[in-house]
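Scroll down for the structure; my scribbles are underneath it.
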Amino acid sequence: MSRRVAVTGIGVIAPTGADTDSFWSSCLRGETRVAGIPAHWRRYAEFASPVWAPLPDIDFGRYGISRIERMQLDKATMLALSASRQALDAAGFVCRVKDEKKGTCSVESLDPQRAGVFMGTGVGGLTSLIAAEANHVFTPLKSSLQQMRQAGAEAGDAAAGPIGDIADGMSDMMIMPPRFNPFIVSMIMPNACSAATGIKYSLHGPNTSYCCACAAGTVALGQAFRAVRAGGIDMALAGGVEYLADDFGGIFRGFDIAKTLVRGELPPERINRPFDTRRSGFLFSEGGAAVLILEALDTALARGAEPIAEIRGYAETFDGHNIMMLDPRATQITRVIREALADASVGGDDIDYVNAHATGTTLNDQVESGVLAELFGDRPLVNATKSLIGHTIGAAGAIEAAVTALSIRDQTTHVCRNLEEPIADLSFVRSVEQRPIRTALTHSFAFGGHNAALVLSAC
Amino acid sequence: MAPDTADIESRIADVIQEVLRVNRDAIKPESRIREDLGADSLDTVTLLMALEDAFKESISDEDAEGLVTVADVVTFVKARAGAQGA
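If you read the sequences in order, they're chains A and B.
For what it's worth, the working numbering labels the leading residue of the first sequence as 179, then goes sequentially.
For what it's worth, the working numbering labels the leading residue of the second sequence as 269, then goes sequentially.
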């Protein structure tokens, strides 16, 4: 059995928009969102990268996540739930409250046994672990500091004042939540994002999380596509999610110390420049999520859904080269694209548009642009969604697949921001115009060596 | 100024209602949180977190064991808030 697979709903949360419409309209305006990193992070270390892409305020209540649930869920999971709800609503599914206490819903006009959840994430609930660990370690330390201060004061020691001030300063740096969250295990497990989504919407088909760094969202979509195409399920909630802002900037520091992040003297809004000769690394994003509703085309049409695009093909390869660096020979990157095209039964000349991985790191962009030139020449449009929102790691591939689908729907796409001196002779998008975008490619290359590529087309 | 007793009772009922989704009329001083209001073990943990949030007080495991009825919670919170006898 081989069924056609349609995208019928999209939910996005990104630094430039807390919902799909605001995100997409911001994309088409070429907007970015860059700010200085949180000032208090600099109390713990110096950073080479001065900026990040923070998320906007998100009203989680709008997506049916109660105050009580917010106490029990990791932020990445809440992003997944919010994007899922957006996608379900956009696809025309009606969600009814099933159990008010548990906060669960049932999705009407859907066989829950034949609906699955496929989520990608790079670090899962890591920020919740860091917060819980902070409470675990700092609670006794703060108590000891308080005792030290009191002992000094009682002894009347002349040094008691300055020592007390130092103790207060140390205590002030020990940022921690007021409690060690009793739900911490279910918050930090990487599968929480898919599990919580399956629970929230009472879906009983396959439910899997994919942990493959920057390719996670693409892999989750690809695996969901295969499951729907093979006929095992009719519908999948699929995408990627990430949340990377811990209280101390430690996650940021990990990427910064690896020299992967933007740096230099350019103004914040110009510092992030994929495919440009003056690129210096990727813009660290606070996080984001994208969830796509993938449905068997026949069942989607039968319920009156309007397909946004069709997923035509998918492939995965693995570099087997280096855990922090892609293989500059690009053998497996080239192969993943070729295999995705073959899976979709399309040729290189059929590709009208490529949403590139385009991190803005020196090596990635050099290697990727070379592969695109070799496979496609300068025929397809090429853009870099990371030039607008930075790198959302596990969410990136899903957000870029969402952009690809929306570009097919609207027959237009966004510019490559800050691209002034391109490193290759490709058809980079310079202006927002109506374009014939019938078939498109989007791909991701991850730390670890995971490569994944999706081919989408008009339905 | 010590918080008003009726205000504490009302806020506790609000939290119980929000967490357990029970009818407000069912929340009486003598109501047992588990047996009468239907809280399972996860609900109980959640309720303690929500009470901590509402009253900015930490509740130890030892204290929590003594919180069987709604009245127990009221007494506990009032004692912590220094409102007993107010």
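C-beta atoms are modelled at their ideal positions from N, C-alpha and C, and glycine is treated no differently.
Note that this is a predicted model, so its numbers are computed, not measured.
Less than 8 Å separating the beta-carbons of residue i and residue j?
i: I429 (chain A); j: L304 (chain A); result: yes
i: G427 (chain A); j: M367 (chain A); result: no
i: V342 (chain B); j: L319 (chain B); result: no
i: I243 (chain A); j: I191 (chain A); result: no
i: I161 (chain A); j: S458 (chain A); result: In this structure chain A extends from 179 to 637, so residue 161 (chain A) is not present and cannot be described.
i: A618 (chain A); j: I586 (chain A); result: yes
i: G330 (chain A); j: G342 (chain A); result: yes
i: D425 (chain A); j: A309 (chain A); result: yes
i: A294 (chain B); j: L305 (chain B); result: yes
i: V275 (chain A); j: L381 (chain A); result: no
i: H592 (chain A); j: L206 (chain A); result: yes
i: T396 (chain A); j: H621 (chain A); result: yes
i: V607 (chain A); j: L559 (chain A); result: yes
i: A394 (chain A); j: G626 (chain A); result: no
i: P485 (chain A); j: A184 (chain A); result: yes
i: T312 (chain B); j: I301 (chain B); result: yes
i: N359 (chain A); j: V514 (chain A); result: no
i: S171 (chain A); j: L504 (chain A); result: Because chain A here runs from 179 to 637, residue 171 (chain A) falls outside it and cannot be looked at.
i: S262 (chain A); j: V469 (chain A); result: yes
i: V212 (chain A); j: P446 (chain A); result: yes
i: R441 (chain A); j: S287 (chain A); result: no
i: L233 (chain A); j: G432 (chain A); result: no
Run through chain B and tell me which residues come within less than 9 Å of residue i, C-beta to C-beta.
i: K279 (chain A); result: V287, L288, R289, V290, G306 and D311
i: P318 (chain A); result: Result: empty, since nearest Cβ-Cβ is about 14 Å, beyond 9 Å.
i: P614 (chain A); result: Ordered by position in chain B, no residue passes the 9 Å Cβ test against P614 (chain A), which lies about 53 Å from the chain.
i: P228 (chain A); result: Near P228 (chain A) there are no residues of chain B at all, since even the closest Cβ is about 35 Å away, more than 9 Å.
How would you list, in chain order, the residues of chain A whose beta-carbon sits under 8 Å from the beta-carbon of residue i?
i: S326 (chain B); result: P356 and R357
Under a Cβ-count criterion, where at least 16 other Cβ atoms within 10 Å of its own Cβ denotes burial, should residue i be classed as buried or exposed?
i: A354 (chain B); result: Residue confidence for A354 (chain B) is low, a pLDDT of 42 falling below 50, so the modelled location carries little weight; the figure read from the coordinates is stated next. A354 (chain B) comes out exposed.
i: M297 (chain A); result: buried
i: S609 (chain A); result: exposed
i: L288 (chain B); result: buried
i: Q328 (chain A); result: exposed
i: V633 (chain A); result: buried
i: A274 (chain B); result: exposed
i: K346 (chain B); result: buried
i: I501 (chain A); result: exposed
i: G187 (chain A); result: buried
i: A436 (chain A); result: exposed
i: R507 (chain A); result: exposed
i: P340 (chain A); result: exposed
i: Q264 (chain A); result: buried
i: G214 (chain A); result: exposed
i: R177 (chain A); result: Because chain A spans 179 through 637 in this model, residue 177 (chain A) falls outside it and cannot be assessed.
i: E420 (chain A); result: buried
i: Q250 (chain A); result: buried
i: T455 (chain A); result: exposed
i: A480 (chain A); result: exposed
i: E599 (chain A); result: exposed
i: Q352 (chain B); result: For Q352 (chain B), the pLDDT reaches just 45, beneath the cut-off of 50, and the residue's location in the model is therefore unreliable, although a value from the coordinates is still provided. Its Cβ having fewer than 16 others within 10 Å, Q352 (chain B) is exposed.
i: V545 (chain A); result: buried
i: L310 (chain B); result: exposed
i: E488 (chain A); result: buried
i: S635 (chain A); result: buried
i: E247 (chain A); result: buried
i: G334 (chain B); result: exposed
DSSP has residue i in a bridge; who is on the other side?
i: P600 (chain A); result: A:D454
i: W230 (chain A); result: A:A213
i: A277 (chain A); result: Here residue 277 (chain A) turns out to be Asp, not Ala, going by the sequence shown. Beta-bridge pairing links D277 (chain A) to A:T282.
i: N629 (chain A); result: A:T495 and A:F623
i: T617 (chain A); result: A:S635
i: A536 (chain A); result: In DSSP, A536 (chain A) forms no bridge with anything.
i: M413 (chain A); result: A:A293 and A:E473
i: T386 (chain A); result: A:F296
i: V190 (chain A); result: A:A468
i: H569 (chain A); result: A:F462
Taking residue i as the query, report the chain B residues whose CB atoms sit under 7 Å from its CB, ordered along the chain.
i: I246 (chain A); result: E286, V287, T314 and A318
i: M352 (chain A); result: Chain B residues near M352 (chain A): none, gap ~16 Å exceeds 7 Å.
i: V250 (chain A); result: Here the sequence assigns Gln to residue 250 (chain A), which means Val is not the residue at that position. Per Cβ cutoff of 7 Å: T314.
Going along chain B, which residues have a C-beta under 8 Å from residue i?
i: P290 (chain A); result: Result: empty, since nearest Cβ-Cβ is about 22 Å, beyond 8 Å.
Hey, is residue i close to the ligand COA, as in C-beta under 7 Å from one of its heavy atoms?
i: S605 (chain A); result: This structure lacks the ligand COA; in fact it carries no ligand of any kind.
Q. Can you find at least 3 beta carbon pairs, one from the region 246-261 of chain A and one from the region 362-382 of chain A, that sit closer than 8 Å?
A. yes
I'd like to know if the region 493-504 of chain A and the region 467-477 of chain A are in contact, where contact means that at least 3 CB-CB pairs between them fall below 8 Å.
no
* Asked: Contact between the region 193-202 of chain A and the region 390-400 of chain A: three or more CB pairs below 8 Å?
  -> The count of Cβ pairs closer than 8 Å, one atom from the region 193-202 of chain A and one from the region 390-400 of chain A, stays below three, leaving the stretches out of contact.
Check your understanding: With contact counted as at least three CB pairs below 8 Å, one residue from each stretch, are the region 531-540 of chain A and the region 413-425 of chain A in contact?
Key -> no
Given 8 Å as the limit, is there contact between the region 314-322 of chain A and the region 432-452 of chain A, that is, 3 or more CB pairs closer than that? no
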